[in-house]
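Notes follow once the structure below has been shown.
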Amino acid sequence: LFNCPGHESDEDTEDSETDLAKHDEEDYVEMKEQMYQDKLASLKRQLQQPQEGTLQEYQKRMKKLDQRYKERIRNAELFLQLETEQVERNYIKEKKAAVKEFKDKKVELKENLIAELEEKKKMIENEKGDQMIPSPSQTRGGNLLHLSHPRDQHLHPLLSTSQRFEAPIEDGKLCYDKRWYHKSQAIYLESKDNQKLSCMISSVGASEIWVRKTSDSIKMRIYLGQLQPGLFVICRCSAA
3 LFNCPGHESD EDTEDSETDL AKHDEEDYVE MKEQMYQDKL ASLKRQLQQP
53 QEGTLQEYQK RMKKLDQRYK ERIRNAELFL QLETEQVERN YIKEKKAAVK
103 EFKDKKVELK ENLIAELEEK KKMIENEKGD QMIPSPSQTR GGNLLHLSHP
153 RDQHLHPLLS TSQRFEAPIE DGKLCYDKRW YHKSQAIYLE SKDNQKLSCM
203 ISSVGASEIW VRKTSDSIKM RIYLGQLQPG LFVICRCSAA
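My numbering puts the first residue of the sequence shown at 3, with every later residue one more than the last.
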């Protein structure tokens, strides 16, 4: 048997093409594998970079985050400074007000105490004067003291300490000699030394009344214990 040269050439060509295709496929698979490995290695490096702080995107975003953080801290410090200054101003203002109030109250306290002591002094002097006044049998007239002018005869003559006046206080009003007296009412006040003063009732307390002199606005406290024995006598101005 003889081989046909043409037939062998065709078979060789087919084998060569098959080998070439097989080689190309292997190269393609190898290339894809290499690309996969390269991408995987790149991602691994990128995953490692945030931990190391070397990733460019991480650095970019971190820079913005740091700027916002510093800006917020600056704003907080500025707010703290403004609030501190405001609190300091309020403290100084309140301290000055407290000092002023303390001084005013101190002066007021002294004035009130002095006024009370002066009032007690007058009461003691009046009581002493009552003891030195002669009895009715030793006086020519029936009255110990008399009013200085006929137009003042509407006031009660100041009799001896044996005469007493009813002077109850009810519902913030004084009932004296069967007449009611209330706050802001104008009155005449006469003492046993025959001084007659024009006054205004400032307030009515539980056991005393406060009056303000019309002439100089000085306040005086009159106790019921002074009205009842006649140490002071009051009447309405309208009765003049």
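For glycine and all other residues, C-beta sits at the position ideal for the given N, C-alpha and C.
Span of the beta strand (DSSP E), counted from its first residue to its last, around residue i
| i | result |
| --- | --- |
| Leu-57 | Premise fails: Leu-57 is in no beta strand (DSSP E) and is neither H nor E. |
| Leu-191 | 188 to 193 |
| Cys-239 | Note, Cys-239: premise wrong, no beta strand (DSSP E); not H, not E. |
| Lys-175 | 175 to 178 |
| Arg-166 | That residue, Arg-166, is in no beta strand (DSSP E); it is neither H nor E in DSSP. |
Separation of residue j from residue i, as counted between CA atoms
| i | j | result |
| --- | --- | --- |
| Cys-237 | Leu-176 | 12 angstroms |
| Glu-73 | Gln-83 | 15 angstroms |
| Leu-146 | Gly-207 | With a pLDDT of 34 at Leu-146, under the threshold of 50, the modelled position of this residue cannot be trusted; read the value that follows with caution. In a straight line, the C-alpha of Leu-146 is about 30 angstroms away from that of Gly-207. |
| Arg-63 | Arg-70 | 11 angstroms |
| Glu-79 | Glu-85 | 10 angstroms |
| Leu-229 | Leu-199 | 15 angstroms |
| Lys-98 | Tyr-60 | 57 angstroms |
| Lys-108 | Ser-219 | 21 angstroms |
| Lys-27 | Leu-67 | Note that residue 27 is Glu in the sequence shown here, rather than Lys. The straight-line gap from Cα to Cα measures roughly 50 angstroms. |
| Leu-115 | Glu-192 | 24 angstroms |
| Met-37 | Gln-53 | 25 angstroms |
| Met-33 | Lys-65 | 39 angstroms |
| Glu-120 | Thr-216 | 19 angstroms |
| Glu-87 | Ile-75 | 18 angstroms |
| Glu-90 | Glu-113 | 34 angstroms |
Nearest candidate by alpha-carbon position, reference residue i, set the options
| i | options | result |
| --- | --- | --- |
| Ile-211 | Met-202, Ser-217 and Asp-218 | Met-202 |
| Ser-2 | Glu-127, Lys-41, Gly-174 and Lys-180 | Lying outside 3 to 242, the shown extent of the chain, residue 2 is not represented and no answer is given. |
| Arg-181 | Lys-122, Cys-239, Met-125 and Lys-215 | Cys-239 |
| Lys-194 | Tyr-93, Gly-232 and Glu-87 | Gly-232 |
| Arg-166 | Val-101, Glu-35, Gln-197 and Gly-227 | Gly-227 |
Boundaries of the alpha helix (DSSP H) in which residue i is found, first to last residue
| i | result |
| --- | --- |
| Leu-229 | 226 to 229 |
For residue j and residue i, believed in contact at Cβ under 8 angstroms, the rounded distance
| i | j | result |
| --- | --- | --- |
| Met-222 | Val-235 | The Cβ separation is near 14 angstroms, so there is no contact. |
| Ala-169 | Tyr-178 | 5 angstroms |
| Ser-209 | Tyr-183 | With a Cβ gap of about 15 angstroms, Ser-209 and Tyr-183 do not count as contacting. |
| Leu-57 | Gln-51 | 4 angstroms |
Sheet register partners of residue i (DSSP bridge)
| i | result |
| --- | --- |
| Leu-111 | Answer is none; Leu-111 lacks a bridge partner. |
| Lys-215 | Cys-201 |
| Leu-82 | BP columns for Leu-82 are empty, so no partner. |
| Arg-223 | Trp-212 |
| Ile-171 | Leu-176 |
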